[in-house]
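Enquirer:
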Amino acid sequence: MELNQLYSEIILEHYQNSPNKKKMDDADIEEKGHNPLCGDTITIYLKMDGDIIKDASFTGQGCAISQASTSMLIDLVKGKKLDEAKKLIQEFTDMLYKRDVDLDDLGDAQALSGVADFPARVKCALLPWKTLEEVMEEKEEGK
Amino acid sequence: MEKIIDARKIREDFPILKVRPYGKSLIYFDNAATTQKPESVIKAIDDYYSGMNANVYRSAHYLSGVATNAYEEARNRVAKFINAGSENTIIFTRNATESINLVAYTWAMDNINEGDEIILTVAEHHSNILPWQMVADRKGAKLRYVYLNEDSRLDMASYKDMLNSRVKLVAVQHVSNVLGIINPVEEITEMAHKVGAKVLIDGAQSVPHMRVDVRKIGCDFFAFSGHKMMGPMGIGILYVKKELLNSVPPFLRGGEMIDEVYEDRATFAVPPLKFEAGTPNVEGAVGLSAAIEYIEGIGLDNIHSHEAELTQYALEKMREIDFVDIYGPRDMRDRGGVISFNVADIHPHDVSTILDQDGIAIRSGHHCALPLMRYLDVPATCRASFYIYNDMDEVDVFIDSLKNVRKWFKWS
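Protein chains in written order, with the working numbering: chain A, 271 to 413; chain B, 551 to 962.
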């Protein structure tokens with residue numbers, strides 16, 4: 271794994287120019303994620319229509335990997351049912367732990383597969399996915 | 551006559567510095583986090599287990615005597631190293647964090663009461679903040695913070711204004727693990743004592759790098775750890791001023807720290823054993839003793855001037871790079887070998903990952919100093935910190951790598 275794969279065009283594009291990075295004033299769900307060891311912070315905003323994520327966006331501050339990963343996650347889950355999003359979270363997590371997994375569903379987020387070779391950075395990439403997972407767990411507990 | 555440190559030669563004493571990350575020469579600039587260990591320290595630990603190991607103080611057999619002697623010799627060496635006077639003032643703990651917690655849970659819980667004040671500085675490591683938050687919470691005491699002046703040094707004028715008879719403790723770091731500032735601890739202690747407050751100094755970042763004389767400082771408590779001074783992990787020190795030793799209640803309770811035990815009560819051993827419940831880290835103490843021997847062989851004044859030279863050189867080179875922001879004082883007066891910085895538009899973790907590919911180990915993050923990060927208004931910083939095995943050639947490689955960081959982000 272080389273650095274130019276870790277900081278590839280697609281990752282830098284999501285980091286530097288993400289259209290998903292904006293506050294959503296009328297969000298139904300607002301979930302904060304924080305990586306206490308490195309200080310990365312994100313907030314994920316979701317607009318729900320029943321079980322479907324109608325719209326999503328994020329704000330945050332952190333390294334290229336955490337912010338690009340969040341932007342990619344937002345791209346992926348827009349219009350998806352919560353169950354489908356849950357499956358994507360599992361697939362993404364498996365990818366970062368180098369488990370055998372079909373990457374086709376992951377879209378741009380496949381570009382983060384190389385992070386698996388940088389163990390210190392895996393938690394950066396996982397932050398938004400874990401944060402969304404928490405939303406789901408809270409929803410399930412609330413049911 | 552000043553001896554100049556030959557870092558290249560010193561590196562030969564450190565087996566780990568032969569590790570080649572990604573095929574590159576290792577440049578270890580993360581010494582404020584932990585330092586590497588010379589062969590002599592590794593060998594001392596090996597020798598301990600190969601020829602001395604037994605439980606200390608307890609048994610009448612040969613090995614127990616050898617192990618007890620080794621442990622007590624280590625205590626003696628530590629006492630001399632910081633000029634503590636009596637070795638009874640030296641308590642072995644796990645690390646500086648435990649040393650500070652010991653004072654918080656014992657002396658402070660007995661002596662700090664509702665309405666009392668504890669003075670800290672905004673640059674403290676979490677280990678010198680959280681124990682006092684606990685004491686303040688439980689006892690209804692108030693925490694007060696000294697902030698920095700425009701030169702990133704402690705604002706002594708505001709410290710002076712804060713002192714009053716309600717202040718029972720001043721807990722302050724000797725050297726900042728983020729800014730590298732060396733605080734005037736003698737003056738701080740003298741001022742605190744005038745209002746009757748006790749003083750705890752966190753010396754984790756000073757003892758490895760400069761001559762420290764705890765009796766000259768005059769402080770009541772002094773904490774530091776072995777692993778930041780080439781000793782092993784898991785051994786820390788708490789110095790308690792002799793006059794206070796007997797009045798500080800025990801911390802952990804159990805074996806080794808007793809005088810007499812009945813079914814419903816116990817009396818305690820005399821200090822320092824009173825504070826060392828359970829089987830201690832003899833291996834750690836022996837390793838630390840070897841580390842002190844190694845440091846003394848090089849000389850703390852030499853270490854300090856070597857680091858000052860490196861820091862000044864690195865600061866000059868870094869200032870020439872216009873996209874690098876440096877935190878901390880601009881001049882070298884009372885400044886240790888720690889440089890915190892940021893690269894414009896690039897998060898410290900990304901900087902660290904990119905330098906790592908060139909074999910350069912720096913720290914990135916909040917350095918366990920979140921109040922300071924907030925005060926500086928940065929989410930995190932990069933940090934390079936030097937020790938005896940670093941040299942200017944390594945700084946040059948670091949500077950070249952730093953100049954290239956932005957290219958990875960297509961920002962030239």
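Glycine included, every Cβ here is placed at the ideal spot set by N, Cα and C.
From a predicted model like this one, the values you see are computed outputs, not experimental measurements.
(1) In terms of DSSP beta bridges, what is aspartate 580 of chain B paired with?
(2) Counting only runs of 3+ residues fully inside the region 321 to 397 of chain A, write out the beta strand (DSSP E) ranges in chain order.
(3) Starting from threonine 647 of chain B, trace the beta strand (DSSP E) both ways and give me its first and last residue.
(4) For the putative contact between methionine 942 of chain B and leucine 860 of chain B, defined by C-beta atoms under 8 Å, what is the C-beta separation to the nearest angstrom?
(5) Can you tell me whether DSSP reads aspartate 711 of chain B as helix, strand or coil?
(6) Just checking: is the beta-carbon of phenylalanine 388 of chain A within a distance shorter than 8 Å of some beta-carbon in chain B?
(7) Could you round the C-beta distance between arginine 644 of chain B and glycine 828 of chain B to whole angstroms and report it? I think they count as a contact, below 8 Å.
(8) Alpha carbon to alpha carbon, how far is leucine 282 of chain A from isoleucine 904 of chain B? Give it in angstroms, no decimals.
(9) If you check the beta carbons only, do valine 745 of chain B and serine 708 of chain B fall under 8 Å apart?
(10) Let's see if you can read the secondary structure: which residues bound the beta strand (DSSP E) around arginine 627 of chain B?
(11) Note down, in chain order, every chain B residue with its Cβ under 7 Å from the Cβ of alanine 395 of chain A.
(12) Could you name the residues that DSSP lists as bridge partners for aspartate 596 of chain B?
(13) Flag proline 571 of chain B as yes if its beta-carbon sits less than 8 Å from any beta-carbon of chain A, otherwise no.
(14) Identify, in the order they occur along the chain, each residue of the same chain with its Cβ nearer than 8 Å to the Cβ of asparagine 605 of chain B, setting aside the five sequence neighbours on each side.
(15) Let me check understanding here. Comparing Cα to Cα, which of B:Thr931, B:Met923, B:Leu952, B:Ile949 lies closest to leucine 698 of chain B?
(16) Find out if the Cβ-Cβ distance for the pair isoleucine 871 of chain B, alanine 934 of chain B is shorter than 8 Å.
(17) Below 8 Å between beta carbons: does that hold for proline 929 of chain B and serine 914 of chain B?
(18) Per DSSP, what kind of secondary structure is aspartate 851 of chain B in: helix, strand or coil?
(19) Is there at least one Cβ from chain B nearer than 8 Å to alanine 334 of chain A's Cβ?
(20) Mapping DSSP to helix, strand and coil, what is arginine 913 of chain B?
(21) Please classify threonine 972 of chain B as buried or exposed, where buried requires at least 16 other C-beta atoms within 10 Å of its C-beta.
(22) Does glycine 781 of chain B come within less than 8 Å of chain A when only Cβ atoms are used?
(23) From the DSSP secondary-structure annotation, give me the bridge partner or partners of leucine 719 of chain B.
(24) Name, please, each residue of chain B whose Cβ falls closer than 8 Å to the Cβ of glutamine 275 of chain A.
(25) Using a Cβ-Cβ distance under 8 Å, would phenylalanine 328 of chain A count as near chain B?
(26) On the DSSP bridge assignment, give the partners of aspartate 310 of chain A in chain order.
(27) May I have a chain-ordered list of the beta strand (DSSP E) segments no shorter than 3 residues that lie completely inside the region 818 to 877 of chain B?
(28) Thinking just about the alpha-carbon of each residue, which of B:Ala742, B:Ser756, B:Glu700 is nearest to the one in valine 725 of chain B?
(29) Between the alpha carbons of asparagine 733 of chain B and glutamine 275 of chain A, how many angstroms are there, rounded?
Expert: On the basis of the data shown:
(1) Residue numbering aside, residue 580 of chain B sits at position 30 when the second sequence is read from its first letter. In the DSSP assignment, the residues bridged to aspartate 580 of chain B are B:Ser935.
(2) Taken in chain order, the whole beta strand (DSSP E) runs of length 3 or more contained in the region 321 to 397 of chain A are 322 to 331.
(3) Working through the second sequence from its first residue, we reach residue 647 of chain B at position 97. First-last for threonine 647 of chain B: 646 to 653, but that is the alpha helix (DSSP H), not the beta strand (DSSP E).
(4) If you number the second sequence from 1, residue 942 of chain B lands on position 392. If you number the second sequence from 1, residue 860 of chain B lands on position 310. Contact annotation, methionine 942 of chain B with leucine 860 of chain B: C-beta distance approximately 7 Å; criterion of less than 8 Å satisfied.
(5) Translated into positions along the second sequence, residue 711 of chain B becomes position 161. Helix at aspartate 711 of chain B.
(6) If you number the first sequence from 1, residue 388 of chain A lands on position 118. For phenylalanine 388 of chain A, the closest Cβ of chain B is nearer than 8 Å.
(7) Here residue 644 of chain B is taken as the residue at index 94 of the second sequence, counted from 1. Here residue 828 of chain B is taken as the residue at index 278 of the second sequence, counted from 1. Separation of the CB atoms of arginine 644 of chain B and glycine 828 of chain B is rounded to 11 Å, and the pair is thereby denied contact status at 8 Å.
(8) Translated into the one-based positions of the second sequence, residue 904 of chain B becomes position 354. Translated into the one-based positions of the first sequence, residue 282 of chain A becomes position 12. The alpha-carbon atoms of isoleucine 904 of chain B and leucine 282 of chain A are separated by roughly 14 Å.
(9) The residue labelled residue 745 of chain B in the question sits at position 195 within the second sequence. The residue labelled residue 708 of chain B in the question sits at position 158 within the second sequence. Result no, Cβ atoms of valine 745 of chain B and serine 708 of chain B do not sit closer than 8 Å.
(10) For this step, residue 627 of chain B is matched to residue 77 along the second sequence. Counting along the chain, arginine 627 of chain B falls outside any beta strand (DSSP E), though it belongs to the alpha helix (DSSP H) covering 612 to 631.
(11) Within the first sequence, numbered from 1, the residue matching residue 395 of chain A stands at position 125. Simply none; closest approach about 11 Å.
(12) One-based indexing of the second sequence puts residue 596 of chain B at position 46. Aspartate 596 of chain B pairs with nothing; no bridge assigned.
(13) Numbered from 1 along the second sequence, position 21 holds the residue referred to as residue 571 of chain B. No, proline 571 of chain B does not count as interfacial toward chain A.
(14) Residue numbering aside, residue 605 of chain B sits at position 55 when the second sequence is read from its first letter. The beta carbon of asparagine 605 of chain B sits closer than 8 Å to those of Ser614, Ala617, Thr829, all from its chain and outside the five residues before and after it, given in chain order.
(15) Start at 1 with the first residue of the second sequence, and residue 698 of chain B comes out as number 148. Looking at the Cα atoms, B:Met923 is the closest of the given residues.
(16) Within the second sequence, the letter at position 321 stands for residue 871 of chain B. Within the second sequence, the letter at position 384 stands for residue 934 of chain B. In this structure, alanine 934 of chain B does not lie closer than 8 Å to isoleucine 871 of chain B by Cβ.
(17) Taking the first residue of the second sequence as 1, we reach residue 929 of chain B at position 379. Taking the first residue of the second sequence as 1, we reach residue 914 of chain B at position 364. Cβ distance not < 8 Å, so proline 929 of chain B and serine 914 of chain B don't count as in contact.
(18) Here the question's residue 851 of chain B lines up with position 301 in the second sequence. The three-state reading of DSSP puts aspartate 851 of chain B in helix, counting H, G and I together.
(19) As a working note, residue 334 of chain A is residue 64 in the first sequence. By this cut-off, alanine 334 of chain A is an interface position.
(20) Position 363 of the second sequence holds residue 913 of chain B. Strand at arginine 913 of chain B.
(21) Here chain B covers residues 551 to 962 and nothing more, so residue 972 of chain B does not appear.
(22) Position 231 of the second sequence, counted from the first residue, corresponds to residue 781 of chain B. The Cβ of glycine 781 of chain B sits no closer than 8 Å to any Cβ of chain A.
(23) Reading the second sequence from its first residue, position 169 is the one you call residue 719 of chain B. Note: leucine 719 of chain B sits in a beta bridge opposite B:Ile668, B:Lys748.
(24) For this step, residue 275 of chain A is matched to residue 5 along the first sequence. By Cβ distance, chain B contributes nothing, its closest Cβ being about 11 Å from glutamine 275 of chain A, past 8 Å.
(25) For this step, residue 328 of chain A is matched to residue 58 along the first sequence. Among the residues facing chain B, phenylalanine 328 of chain A is not included, as its CB has no counterpart in that chain under 8 Å away.
(26) On the first sequence, position 40 is the one that residue 310 of chain A refers to. According to DSSP, which records beta bridges pairwise, aspartate 310 of chain A is partnered with A:Asn305.
(27) As far as the region 818 to 877 of chain B is concerned, its whole beta strand (DSSP E) runs of at least 3 residues are 874 to 877.
(28) Locating residue 725 of chain B in the second sequence gives position 175, where the first residue counts as 1. The option with the nearest alpha carbon to valine 725 of chain B is B:Ser756.
(29) For the purposes of this step, residue 733 of chain B is identified with residue 183 of the second sequence, where counting begins at 1. For the purposes of this step, residue 275 of chain A is identified with residue 5 of the first sequence, where counting begins at 1. Rounded to whole angstroms, asparagine 733 of chain B and glutamine 275 of chain A show a C-alpha spacing of 44 Å.
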